[in-house]
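**Student:** Heads up, the sequence shown is in numbering that gives the first Met the number 0, so the first residue is 0 and it goes up one at a time.
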Amino acid sequence: MSKPRYALIADELRAKITSGSYAPGDQLPTKAQLMEQWSAALNTVARAINELQNEGLVETFHGVGSFVRAPSPPGEGEEDAADELNQLRVRVEHLEALMMEVFSNLGLSYPDAPVSTGSAQEAV
Numbered sequence: 000m001s002k003p004r005y006a007l008i009a010d011e012l013r014a015k016i017t018s019g020s021y022a023p024g025d026q027l028p029t030k031a032q033l034m035e036q037w038s039a040a041l042n043t044v045a046r047a048i049n050e051l052q053n054e055g056l057v058e059t060f061h062g063v064g065s066f067v068r069a070p071s072p073p074g075e076g077e078e079d080a081a082d083e084l085n086q087l088r089v090r091v092e093h094l095e096a097l098m099m100e101v102f103s104n105l106g107l108s109y110p111d112a113p114v115s116t117g118s119a120q121e122a123v
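1. What are the start and end residues of the alpha helix (DSSP H) that includes S57?
2. Helix, strand or coil for V67? Go by DSSP, reduced to three states.
3. So the candidates are G55, Y5 and V57; which of them puts its Cα closest to the Cα of S38?
4. What's the call for K30, buried or exposed, on a 16-neighbour Cβ count within 10 Å?
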């Protein structure tokens, strides 16, 4: 049985990251570009990128794009609280983007979310 399309997309991007074709700090192709290249739906492409985020290979910034993360130094087993907070922030932004798309597809306007002032980072 063949792999799901999101896994194939993630595999290709992962291979390019590990081979050095995409270096730390490089921006990955946009979701729109990946959708066109793979003839895939937005959710499929988003899931592929999410897989790479969960593996710690990429970081995604809402409205900016996805970027290759620098590898962790050897021996660094645990993430500090700031890194964990940043990962959660990225995941929440991703989920919000998906919810905005759902609302848009239903012809509804997405409720305004409170503007982040960075106070969560000050608590760390």
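From the three backbone atoms N, C-alpha and C, an ideal C-beta is built for every residue, glycine too.
**Tutor:** Once the coordinates are examined:
1. One point to set straight first is that residue 57 is Val, not Ser, in the sequence displayed. Run containing V57: none in the alpha helix (DSSP H); it sits in the beta strand (DSSP E), V57 to F60.
2. Strand.
3. Y5
4. buried
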